[in-house]
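Student:
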Amino acid sequence: MRRTDPLLPRALQEPETVSGLHARGWERLIAEARGTGLIGRLQARLADAGQLERVPEGPRRHLDAAARVAASHQASAEREIRRVLAALQPLGEPVIFLKGAAYLVAGHPVARGRMFSDIDILMPREMLARVESELMVAGWVATHLDRHDQRYYRSWMHELPPLEHLSRGTTVDVHHTLYPVTGRLALPIGPVIEAAEPVPGWPGAKVLAPADQVLHSAVHLLWEGEFDHGLRDLSDIDMLLRHAGARAAFWEELPQRAAQLHLQRPLYYALRYARRLLGTPVPPEVVTALQAHAPGPPVRRLMDALFGRVLAPPDLDDRRQALARQLLFLRGHWLKMPLHLLVYHLGHKALFPPREAAGARG
Amino acid sequence: MMAALASEEGLSFRTGPFVCRVRSRLERLASALHLLYADFPREPADAFADFNTEVRLRGGLRRWFRPQARFLFETRDPFLPLPADQAFPLLEWGLNWCVSSHCHGHLLLHSAVVERHGGALLMPAPPGSGKSTLTAALTLHGWRLLSDELGLVQRSDARLTPLARPVSLKNHSLPAVRAFAPEAVLGEPVHDTTKGTVAHLKPPAASVARMQEPASARWIVLPRYRAGATARIEAVDPAEAFMELAGNSFNYDLLGQEGFRLLGRLVDDCRCYRFEFDRLDQAVERLERTLDADAQD
């Protein structure tokens, strides 16, 4: 059982409240922020609120270190983005950046202090073969994958297998849609690609329209069953909504867009948990309109219990959190592929675990 | 000390600039900590700790069948579990990892650091080069221990921050250190670790007492243990020492230009040598002779 309520959500929402923390409270806040990958964002939020100077020296050093790591991640992500653009320039087609890379090129506040791992891009499916070969010429190749993995990605998923650069070790994920093709959401990708917007200062680069960015994050967080960065991803959604929501028309566009892309249910959940856990301001009429897409009360109560746990900072003594994570992982796979593929896939993973993973955790 | 270690708050103690909080109910870990960290100042339980750690047994059936210990850091479980009798080395490796992966307020080098007469000696080297063995011998011969593993370069003035934690000795270096200094206080050897047999040398009380006192770098020595070698020291090109330091840094690239300037400054301030050795008495004598001659320049 978790012994204490997490401190991080409140510190992100109202950075000025950290002035009331004692030394042990700071220790716990830093641990939660590190454990969720949000320590860079916490630092940025405190800096924006003018609170950094008032942080005691002990925790302050860890926040400063996190800011350095984030700055270094961003600098190298920016270099990789330029290399990807250069590699794909011969195609004459704009490259649509997703998630972290998109926030970075767009100069979005959500990029501040954010840690990066991969560069995610979205390209029309009919171009994938050319995209892959141009990236391969530039040094990015699909590595460490057996035949099952290749098929899993290429036939079932919404992206190519991760392409890793031979000398720099950086990874590019090439998506052709935003959700597995075998999955239970029929998401039309055409309108999403069409609505993508060019980025000033980044010729050849595009990012998703603001409503589509929110919807993509919602699908990614709530429908894929991976919660390594659960609270981080929810905090991304929170910041995207706060930023885009400053424009009143956004709140009309968002539900309409969700309807057009058949994503009302993921949006319902995203807004529900962003409001509950991070106090995201959402106009009441949007909340009311999405009620029609809520699940029945028993499912909703179950989801509240499960998501409430996995979206909290990790706690090694909270066994229910581990259980919730496993159940939602299964749900994510259940949503991603029909039963016969799921049984085949999990069976294959159980019988032939990848070598690194087999030794990684005993 | 033992009671605090097993309590909810754990035992807090300071090593150099950092406060470590350790919780554990494992008796072997408690007795090793009691012996090797005896001189380190305790911190109040309610003070901020930089590293909140725990070493505990894996639950379930593994508690009874070949028990294993896990190192926990904050909300994470960063390593594979190890056999329970390796709990203390696991804690030491865990604390090294805590510093090397989070403390970017310093330029972090994979290097031993010792000091004498106000001049610090850096020995950057990968594992297996004998830097811990040489560090043990030098500290048992009057040098001040800063670290056998982690060189913390201060960004403001390129001086070195001590940690003064126990020195990790492996395999044949254990009898060698015992023969060199029979008075050395060593923890109980732990067998069959991934690095073989491991025991830790208790840091000299004088080094622990001065662990808040940084030192200026004066020498960079690239050590290489070779069985049967006669101690041999030769000057190396500063550019080579620079590359060696860069290659043995944890966050050189992360610090960008600042990292480059700091390494440049270290190399400018230091005489640089390559040092091949085997027998410790000969090694210490040979090394000190050269470094003493430098001091008279």
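So the sequence lines, in the order shown, correspond to chains A and B. To convert, note that position 208 of the first sequence is 1001 in my numbering; the numbers rise steadily by one, no gaps. To convert, note that position 54 of the second sequence is 120 in my numbering; the numbers rise steadily by one, no gaps. For each residue, glycine too, the CB sits at the ideal point set by N, CA and C. The structure displayed is predicted, hence computed values, not measured ones.
1) Use the C-beta contact count for B:Met309: other C-beta atoms within 10 angstroms, 16 or more gives buried, fewer gives exposed.
2) Please list, in chain order, the chain B residues whose beta carbon lies closer than 7 angstroms to that of A:Gly851.
3) For A:His855, which residues from the same chain have a beta carbon less than 8 angstroms from its beta carbon, with the 5 sequence-adjacent residues on both sides left out?
4) Return helix, strand or coil for A:Tyr945, following the three-state DSSP convention.
5) Suppose you measure from the CA of A:Val1080 to the CA of A:Arg1068; what does that come to, to the nearest Å?
6) Which residues of chain A have a Cβ atom closer than 9 angstroms to the Cβ of B:Cys169, listed in chain order?
7) B:Glu140 versus chain A: which residues are under 7 angstroms apart at the beta carbon?
8) With three or more C-beta pairs closer than 8 angstroms as the rule, is the stretch 236 to 248 of chain B touching the stretch 185 to 192 of chain B?
9) Please give the ranges of any alpha helix (DSSP H) in the stretch 979 to 1023 of chain A, keeping only runs that are unbroken, at least 4 residues long and fully inside the region.
10) Cβ atoms of B:Val121 and B:Leu175: under 8 angstroms apart, would you say?
11) Using the three-state DSSP reduction, which class does B:Ser78 fall into: helix, strand or coil?
12) Do you know how far the Cα of A:Asp942 is from the Cα of A:Ala1151?
13) When we look at the beta-carbon of A:Pro954 and count the other beta-carbons within 10 Å, is it buried (16 or more) or exposed?
14) Under three-state DSSP, which class holds B:Cys164?
15) Could you please give the first and the last residue of the uninterrupted alpha helix (DSSP H) stretch that includes B:Thr201?
16) Using a 10 Å radius around the Cβ and a threshold of 16 neighbouring Cβ atoms, would you call A:Glu952 buried or exposed?
17) If distances are taken between C-alpha atoms only, which option among A:Leu980, A:Phe890, A:Glu927, A:Lys892 comes closest to A:Leu1056?
18) Which one or two residues does DSSP pair with B:Val180 in a beta bridge?
19) What does DSSP give as the partner residues of A:Trp933 in its beta bridges?
20) Kindly say whether B:Thr81, judged by its beta-carbon, lies nearer than 8 angstroms to any beta-carbon of chain A.
21) How about A:Arg907 and A:Gly893: do their beta carbons lie closer than 8 angstroms?
22) Examine the Cβ distances between the stretch 867 to 876 of chain A and the stretch 845 to 854 of chain A and report whether three or more of them are shorter than 8 angstroms.
23) List the whole-angstrom C-beta distance separating A:Ile986 from A:Pro917, where the pair is believed to meet the contact cut-off of C-beta under 8 angstroms.
24) Determine, using beta carbons only, whether A:Arg876 comes closer than 8 angstroms to chain B.
25) Is A:Leu1128 near A:Gly997, with beta carbons less than 8 angstroms apart?
26) Output needed for B:Glu75: all residues of its chain with C-beta closer than 6 angstroms, excluding positions within five of it in sequence on either side, in chain order.
Tutor: If we stick to the structure as given:
1) Residue numbering aside, residue 309 of chain B sits at position 243 when the second sequence is read from its first letter. Counting Cβ neighbours within 10 Å, B:Met309 comes out exposed, since fewer than 16 surround it.
2) Locating residue 851 of chain A in the first sequence gives position 58, counting from the first residue. The answer, in chain order, is Phe114, Asp116.
3) Counting from 1 along the first sequence, the entry for residue 855 of chain A is found at position 62. Around A:His855: Ile823, Arg827, Ile832.
4) Within the first sequence, residue 945 of chain A is the residue found at index 152, counting from 1. Residue state, collapsed to three classes: helix.
5) Translated into the one-based positions of the first sequence, residue 1080 of chain A becomes position 287. Translated into the one-based positions of the first sequence, residue 1068 of chain A becomes position 275. Distance between the alpha carbons of A:Val1080 and A:Arg1068: 10 angstroms.
6) What you label residue 169 of chain B is simply residue 103 of the second sequence in a count that begins at 1. Chain A residues near B:Cys169: Arg854, His855, Ala858.
7) For this step, residue 140 of chain B is matched to residue 74 along the second sequence. Those within 7 angstroms of B:Glu140 in chain A are Ala824, Arg827, Gly828.
8) no
9) 983 to 988, 1003 to 1016
10) As a position in the second sequence, residue 175 of chain B is number 109, starting the count at 1. As a position in the second sequence, residue 121 of chain B is number 55, starting the count at 1. No, Cβ-Cβ distance for B:Leu175 and B:Val121 is not below 8 angstroms.
11) As a working note, residue 78 of chain B is residue 12 in the second sequence. Of the three classes helix, strand and coil, the one that applies to B:Ser78 here is strand, per DSSP.
12) Residue numbering aside, residue 1151 of chain A sits at position 358 when the first sequence is read from its first letter. Residue numbering aside, residue 942 of chain A sits at position 149 when the first sequence is read from its first letter. Because A:Ala1151 carries a pLDDT of 38, less than 50, the predicted location of this residue cannot be relied on, and no value is offered for it.
13) Here the question's residue 954 of chain A lines up with position 161 in the first sequence. By the 10 Å Cβ count, A:Pro954 comes out buried.
14) Numbered from its first residue, the second sequence carries residue 164 of chain B at position 98. DSSP places B:Cys164 in helix when its eight states are reduced to three.
15) Looking up residue 201 of chain B in the second sequence gives position 135. Looking at the DSSP string, the run of the alpha helix (DSSP H) that includes B:Thr201 is 197 to 205.
16) Within the first sequence, numbered from 1, the residue matching residue 952 of chain A stands at position 159. A:Glu952 is buried by the Cβ-count criterion.
17) Taking the first residue of the first sequence as 1, we reach residue 1056 of chain A at position 263. Closest option to A:Leu1056, Cα to Cα, is A:Leu980.
18) Taking the first residue of the second sequence as position 1, residue 180 of chain B is located at position 114. In the DSSP output, where bridge partners are listed per residue, B:Val180 has B:Leu187, B:Leu211.
19) As a working note, residue 933 of chain A is residue 140 in the first sequence. A:Trp933 is bridged to A:His958.
20) Locating residue 81 of chain B in the second sequence gives position 15, where the first residue counts as 1. For B:Thr81, the answer is no, since every Cβ of chain A falls outside 8 angstroms of its Cβ.
21) On the first sequence, position 114 is the one that residue 907 of chain A refers to. On the first sequence, position 100 is the one that residue 893 of chain A refers to. Yes. Within cutoff.
22) no
23) On the first sequence, residue 986 of chain A is found 193 positions in, with the first residue counted as 1. On the first sequence, residue 917 of chain A is found 124 positions in, with the first residue counted as 1. The pair is a contact, with the Cβ atoms about 6 angstroms apart (cut-off 8 angstroms).
24) Residue 876 of chain A sits at position 83 when you count from the first residue of the first sequence. Not an interface residue.
25) As a first step, residue 1128 of chain A is located in the first sequence; it is residue number 335 there, counting from the start. As a first step, residue 997 of chain A is located in the first sequence; it is residue number 204 there, counting from the start. No, the pair does not count as a contact, with Cβ atoms beyond the cut-off.
26) Locating residue 75 of chain B in the second sequence gives position 9, counting from the first residue. Taken in chain order, the residues that qualify are Ala111.
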